[in-house]
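The next block holds one structure in the form of structure tokens; read it before the comments.
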Amino acid sequence: MSRRRISLHQELPLLVWLVIVWGALWQDFSPGNLLFGALLAVGVARLFYLPPVELSGRFNILYAVPFALAFVGKVVVASAQVLYLATVRGPKVTNAVVAVRLRSHQDLIVTATGHVISLIPGSLVVEVDRSTSTLYLHALNITSKEDVEGLRAEVRSIEAGLIRIMGSHEELEEVRTEATA
Amino acid sequence: MNPDFSGPDAWIDLVSAVFMVVGALMSLGAAIGLLRFPDLLSRMHAATKPQVLGLFLLLAAIGLQMRTWWVWPVLVVAWIFQLLTVPVSAHMVGRAGYRTKHLHRELLTADELEAVVQKAAAEAALEDSPDDGR
Numbered sequence: 004m005s006r007r008r009i010s011l012h013q014e015l016p017l018l019v020w021l022v023i024v025w026g027a028l029w030q031d032f033s034p035g036n037l038l039f040g041a042l043l044a045v046g047v048a049r050l051f052y053l054p055p056v057e058l059s060g061r062f063n064i065l066y067a068v069p070f071a072l073a074f075v076g077k078v079v080v081a082s083a084q085v086l087y088l089a090t091v092r093g094p095k096v097t098n099a100v101v102a103v104r105l106r107s108h109q110d111l112i113v114t115a116t117g118h119v120i121s122l123i124p125g126s127l128v129v130e131v132d133r134s135t136s137t138l139y140l141h142a143l144n145i146t147s148k149e150d151v152e153g154l155r156a157e158v159r160s161i162e163a164g165l166i167r168i169m170g171s172h173e174e175l176e177e178v179r180t181e182a183t184a
Numbered sequence: 135m136n137p138d139f140s141g142p143d144a145w146i147d148l149v150s151a152v153f154m155v156v157g158a159l160m161s162l163g164a165a166i167g168l169l170r171f172p173d174l175l176s177r178m179h180a181a182t183k184p185q186v187l188g189l190f191l192l193l194a195a196i197g198l199q200m201r202t203w204w205v206w207p208v209l210v211v212a213w214i215f216q217l218l219t220v221p222v223s224a225h226m227v228g229r230a231g232y233r234t235k236h237l238h239r240e241l242l243t244a245d246e247l248e249a250v251v252q253k254a255a256a257e258a259a260l261e262d263s264p265d266d267g268r
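Chains as they are written, first to last, in the working numbering: chain A, 4 to 184; chain B, 135 to 268.
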């Protein structure tokens, strides 16, 4: 077996997450329980080996908190919109399948963008082209070309937000120059 | 019934009651969407968005009513798992639904994937029959 060993530093976020889940499930955050959870986490991570997620090494909490709040707000708007469309428009709703080219080629950013846009107004990932990092979205209630452009701009702004939080330095530079231009 | 609004208890009850009613309404909205929307892909919208918010509101109501801090981590973990799994399942169902043509094309105003899928299918067909490919 040719496994590329990953450093503890890279594995740490996964281990911390597993310990938090362990503590939450037992509803017990005493040191003994957490220590046992940590032992189990290391064992699980060794036995059930997955390819490591490539983190960029930066995480900006100042961008993350407003992004999370805006996300919850958008989930509320999306739910109200789907509720309205379901009851009022129903079978007559018109949709579109839209291709959106992303800037980032990192799996983490592409996945996170896909997750976020699946949960906010009117879009759902249908297909992902990893080689060109293009997302194909199914969008609800799209009637015109302007709607398509609006959706594309929104997806790219969400991606920019995620790059600001945890993208690599090169991508951050790209987003910054784009914002000033 | 005459709630006493001088302390925090009645306010917490009020907020959790509002959360529960709105959360249940959102789940109802998801059910209505599943019935009313015309095809699989638009039904997946109904299955993903309102029920994520509905679950959030109901979990928050539980958290407020339990009045103990140790219940919050479980609720947060439950919601995070929901956030992580719902888009993945929606993507898999949507992808399979698109490829098996479970959708109403007349309701699409634009389709930027169709050409890509057809090109890929043509390439795959070419590889499957080496006599024609060469």
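Idealized CB from N, CA, C, for every residue including glycine.
Residues near A/V129 by beta carbon distance below 7 angstroms, same chain, minus five either side:
V100, Y139, L140, H141
To the nearest angstrom, how far is it from the Cα of A/S171 to the Cα of A/R61?
7 angstroms
Determine the DSSP secondary structure at B/D245, reduced to helix, strand or coil.
strand
Could you give the first and the last residue of the continuous beta strand (DSSP E) run that contains A/R104?
98-104
Is A/S82 close to chain B? Criterion is C-beta to C-beta, closer than 8 angstroms.
yes
Under three-state DSSP, which class holds A/L127?
strand
Own chain partners of A/V45 with C-beta closer than 8 angstroms, once the 5 adjacent residues on each side are dropped
L18
B/V149 to B/A195 span [Cα, whole Å]:
8 angstroms
A/G12 at chain B interface by Cβ criterion, 8 angstroms
Contrary to the premise, residue 12 of chain A reads as His rather than Gly in this sequence. No - not a single Cβ of chain B is within 8 angstroms of the one on A/H12.
Write down every uninterrupted run of the alpha helix (DSSP H) in the segment 137-179 of chain A whose length is 4 residues or greater and which is fully enclosed by it, in chain order.
148-169
Could you name the residues that DSSP lists as bridge partners for A/D132?
A/T137
Excluding sequence positions up to five away, which residues of its chain have a Cβ less than 7 angstroms from the Cβ of A/L127?
S121, L140, H141
Can you grab the Cα-Cα spacing for the pair B/D173 / B/G231, in whole Å?
9 angstroms
Are the beta-carbon atoms belonging to A/V239 and A/T137 less than 8 angstroms from one another?
There is simply no residue 239 of chain A to check, as chain A begins at 4 and stops at 184 in what is shown.
Quick one: using the 10 Å Cβ neighbour count with 16 as the cut-off for buried, is B/D266 buried or exposed?
At B/D266, the pLDDT of 48 sits below 50, so the modelled position is not reliable; the number obtained from the coordinates is stated separately. The residue is exposed, with fewer than 16 neighbouring Cβ atoms inside 10 Å.
Chain B within 8 angstroms of A/A156, Cβ atoms only:
no
Less than 8 angstroms between the beta carbons of A/W25 and A/L43, yes or no?
yes
Less than 8 angstroms between the CB atoms is what I'm expecting for B/M273 and B/Q185, so what's the real figure, rounded?
No answer is possible for residue 273 of chain B: the residues shown for chain B start at 135 and end at 268.
Select from the segment 104-124 of chain A all residues with a C-beta closer than 7 angstroms to any C-beta belonging to chain B, and list them in chain order.
G117, H118, S121, L122
Below-8 angstroms beta-carbon distance, B/V155 vs any chain A residue:
no
Identify, in the order they occur along the chain, each residue of the same chain with its Cβ nearer than 8 angstroms to the Cβ of B/L247, setting aside the five sequence neighbours on each side.
Y232
What residues from the segment 82-97 of chain A come within 7 angstroms of chain B, judged by C-beta to C-beta, listed N to C?
S82, V85, L86, A89, T90, G93, P94, V96, T97
Roughly how many angstroms lie between the CA atoms of B/M226 and B/V220, to the nearest whole one?
10 angstroms
My output table needs one value for B/G141: the three-state DSSP class, helix, strand or coil.
coil
Expected contact under 8 angstroms - CB spacing of A/I168 and A/N36 to nearest Å
Actually they do not touch by this definition, with Cβ atoms about 31 angstroms apart.
Between B/G163 and B/A258, what straight-line distance do the alpha-carbon atoms span, to the nearest angstrom?
41 angstroms
Which of the three DSSP states, helix, strand or coil, is assigned to A/K95?
helix
Classify A/N36 as helix, strand or coil using the three-state DSSP reduction.
helix
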